[in-house]
Amino acid sequence: MSDGPDEELELTSPLVPLFVIAKGRDLPADHEYEHTALVTARDGASAAAARALSPEARKVMDLIADGFLSVAEVSGHTHLPLGIVRILLAQLEEDGLILVRKPIPRVERVERELLSAVLDGLRTKFGA
Amino acid sequence: MYLDPDVSNSVKILIVGHFGVGKTTLISSISEIEPLQTEEEITEASEGFDDLSGTPNKTTTTVAMDFGRLTLSETLVLYLFGTPGQERFKEMWEALSRGALGALVLVDPTRLHESFAVLDLVERFGLTYAIGVNHFEGTTEYPLDEVREALNLAADTPIVHCDVRDQTSSARSLITLVQHLMSILD
Numbered sequence: 003m004s005d006g007p008d009e010e011l012e013l014t015s016p017l018v019p020l021f022v023i024a025k026g027r028d029l030p031a032d033h034e035y036e037h038t039a040l041v042t043a044r045d046g047a048s049a050a051a052a053r054a055l056s057p058e059a060r061k062v063m064d065l066i067a068d069g070f071l072s073v074a075e076v077s078g079h080t081h082l083p084l085g086i087v088r089i090l091l092a093q094l095e096e097d098g099l100i101l102v103r104k105p106i107p108r109v110e111r112v113e114r115e116l117l118s119a120v121l122d123g124l125r126t127k128f129g130a
Numbered sequence: 013m014y015l016d017p018d019v020s021n022s023v024k025i026l027i028v029g030h031f032g033v034g035k036t037t038l039i040s041s042i043s044e045i046e047p048l049q050t051e052e053e054i055t056e057a058s059e060g061f062d063d064l065s066g067t068p069n070k071t072t073t074t075v076a077m078d079f080g081r082l083t084l085s086e087t088l089v090l091y092l093f094g095t096p097g098q099e100r101f102k103e104m105w106e107a108l109s110r111g112a113l114g115a116l117v118l119v120d121p122t123r124l125h126e127s128f129a130v131l132d133l134v135e136r137f138g139l140t141y142a143i144g145v146n147h148f149e150g151t152t153e154y155p156l157d158e159v160r161e162a163l164n165l166a167a168d169t170p171i172v173h174c175d176v177r178d179q180t181s182s183a184r185s186l187i188t189l190v191q192h193l194m195s196i197l198d
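As given, the protein sequences belong to chains A and B, one line each in that order. Heads up: take any position in the first sequence, counting from 1, add 2, and you land on my numbering. Heads up: take any position in the second sequence, counting from 1, add 12, and you land on my numbering.
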């Protein structure tokens, strides 16, 4: 795709089939890039890599350039389907362009601490 | 828009219920961001059968799902996912229930029959839950005991009144759920 007058076109419209955006890649394993996994671009990654990325991958990189967002938020802000977002993130992580914070797996010991942190947070925030 | 830089852990709670029960309203009332939507793909068996092959036709459709966010401390963020309670969304439930702390099930006391399918899904996916009985404008408050009986709830399942438009009321329902989650660890 050459840079030209067409550059302004919305490239994620349904006219671009999803398998094209995904470049035929399969969905990552179920437990990877879950809704609540947090992602951000590595420092300096965006600029260097932008030229080589697909428009959709670039859109994702631009969105997460300055901080962490959840995978669900990436989908929400980019209006890309969650499955596509997960495929793009897998590719970006493979290319070393992003950092991923996975949700901590549930273990009973962690669970108790986590639940009391949630409870404290809700009480503090809402005085309820 | 971004999370605080020190947020290192995320948790989720599902807000479930049938269509129109107030899931998105509850999320809006306590989310720190304008609720967003994810588009999820689900495969559905379409009506009827393919005469030639005798196999059900499968079509892929997208479902939009609302969610909100609540930063609870410097390191912890909570996501609330409004999850539709129909059987045909069970593929989505698989992904969403994984790692979820639990579910707040919203019910409309005038349409209790519609909540059975929802409760069935919640139980099938092994989610611990509390019930929030949404109070709708101009309706009488239903006695919780009657709702509990009608829904055939376990004795220890918490049930509370909840005005989903009201931030404090929504937060209280979530707190009830979290307290219940903690009590069953003991």
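Using N, Cα and C, we set each Cβ at its ideal position, and we do this for glycine too. In this text, all values refer to a predicted model and were calculated from it rather than measured experimentally.
Can you tell me whether DSSP reads residue i as helix, strand or coil?
| i | result |
| --- | --- |
| E205 (chain B) | The question about residue 205 (chain B) has no answer here: the residues shown for chain B are numbered 13 through 198. |
| P121 (chain B) | helix |
| I171 (chain B) | strand |
| P57 (chain A) | helix |
| M13 (chain B) | coil |
| R184 (chain B) | helix |
| D29 (chain A) | First, the residue type needs correcting, since residue 29 (chain A) is Leu and not Asp in the sequence shown. L29 (chain A) falls in the coil class under three-state DSSP. |
| S77 (chain A) | helix |
| F79 (chain B) | strand |
| T87 (chain B) | coil |
| I89 (chain A) | helix |
Could you check whether the Cβ of residue i sits closer than 9 Å to any Cβ belonging to chain B?
| i | result |
| --- | --- |
| L11 (chain A) | Any reading at L11 (chain A) must be qualified, since the residue scores a pLDDT of 44, below 50, and its modelled position is unreliable; no value is offered. |
| S56 (chain A) | no |
| D8 (chain A) | Summary for D8 (chain A): the model assigns pLDDT 42, below 50, so the residue's position carries little reliability; its value from the coordinates is reported in the next sentence. It does not: the Cβ of D8 (chain A) has no partner Cβ on chain B nearer than 9 Å. |
| A92 (chain A) | no |
| L124 (chain A) | yes |
| R44 (chain A) | no |
| P30 (chain A) | no |
| D97 (chain A) | no |
| R60 (chain A) | no |
| I154 (chain A) | Here chain A has residues from 3 to 130 only, and residue 154 (chain A) is not among them. |
| V22 (chain A) | no |
| R27 (chain A) | no |
| E75 (chain A) | yes |
| E110 (chain A) | yes |
| I106 (chain A) | yes |
| R103 (chain A) | yes |
| E36 (chain A) | yes |
| D64 (chain A) | no |
Examine chain A for any beta-carbon lying closer than 9 Å to the beta-carbon of residue i, and answer yes or no.
| i | result |
| --- | --- |
| P17 (chain B) | yes |
| A84 (chain B) | Inspection of the sequence shows that residue 84 (chain B) is occupied by Leu rather than by Ala. Yes, L84 (chain B) lies at the interface with chain A (some Cβ there is under 9 Å from its Cβ). |
| G111 (chain B) | yes |
| D63 (chain B) | In this predicted model, D63 (chain B) has a pLDDT of only 46, less than 50, meaning its place in the structure is not dependable; the value taken from the coordinates is given anyway. No - not a single Cβ of chain A is within 9 Å of the one on D63 (chain B). |
| S22 (chain B) | yes |
| V134 (chain B) | no |
| T55 (chain B) | no |
| L48 (chain B) | yes |
| L71 (chain B) | Just to set this straight, residue 71 (chain B) is Thr in the shown sequence, not Leu. No - not a single Cβ of chain A is within 9 Å of the one on T71 (chain B). |
| G60 (chain B) | Interpretation of G60 (chain B) is limited by its pLDDT of 49, a score under 50 that renders its predicted location unreliable; no figure is taken from the coordinates. |
| I42 (chain B) | yes |
Since residue i and residue j are thought to touch, with beta carbons under 8 Å apart, how far apart are those beta carbons, to the nearest angstrom?
| i | j | result |
| --- | --- | --- |
| G163 (chain B) | S127 (chain B) | Correcting the residue identity first, residue 163 (chain B) is Leu in this sequence and not Gly. With a Cβ gap of about 6 Å, L163 (chain B) and S127 (chain B) count as contacting. |
| T72 (chain B) | E53 (chain B) | 5 Å |
| K24 (chain B) | H37 (chain A) | 7 Å |
| A43 (chain A) | V102 (chain A) | That belief does not hold up - the Cβ atoms of A43 (chain A) and V102 (chain A) are roughly 11 Å apart, past 8 Å. |
| G94 (chain B) | V117 (chain B) | At roughly 12 Å, the Cβ-Cβ gap does not stay under 8 Å, so G94 (chain B) and V117 (chain B) are not in contact. |
| A142 (chain B) | T169 (chain B) | 7 Å |
Validate contact between the segment 30–45 of chain B and the segment 100–110 of chain B using beta carbons, cut 8 Å, 3 pairs: Touching, no.
Cβ pair count under 8 Å reaching 3, the segment 86–95 of chain A against the segment 105–112 of chain A: Taking 8 Å as the limit for Cβ pairs, the verdict is that the segment 105–112 of chain A does not touch the segment 86–95 of chain A.
Three-pair Cβ contact test at 8 Å for the segment 136–147 of chain B versus the segment 110–127 of chain A: No, they do not touch.
contact_flag[the segment 78–85 of chain B, the segment 62–78 of chain A] where n(CB pairs < 8 Å) is 3 or more: Inter-segment contact for the segment 78–85 of chain B and the segment 62–78 of chain A is present: three or more beta-carbon pairs are separated by less than 8 Å.
Contact the segment 39–49 of chain B vs the segment 106–121 of chain B: 3+ CB pairs below 8 Å: Taking one beta carbon from each stretch, the segment 39–49 of chain B and the segment 106–121 of chain B have fewer than 3 pairs nearer than 8 Å; the two do not touch.
Near-chain A residues of the segment 158–181 of chain B - C-beta to any C-beta below 8 Å: Listed by position, the residues of the segment 158–181 of chain B near chain A (Cβ gap below 8 Å) are Q179 and T180.
Contact residues within the segment 181–196 of chain B, judged by C-beta distance below 9 Å to chain A: Answer set for the segment 181–196 of chain B: S181, S182, A183, R184, L186, I187, V190, Q191, L193 and M194.
Near-chain A residues of the segment 90–101 of chain B (beta-carbon distance less than 9 Å), N- to C-terminal order: Hits within the stretch, in order: L90, Y91 and F93.
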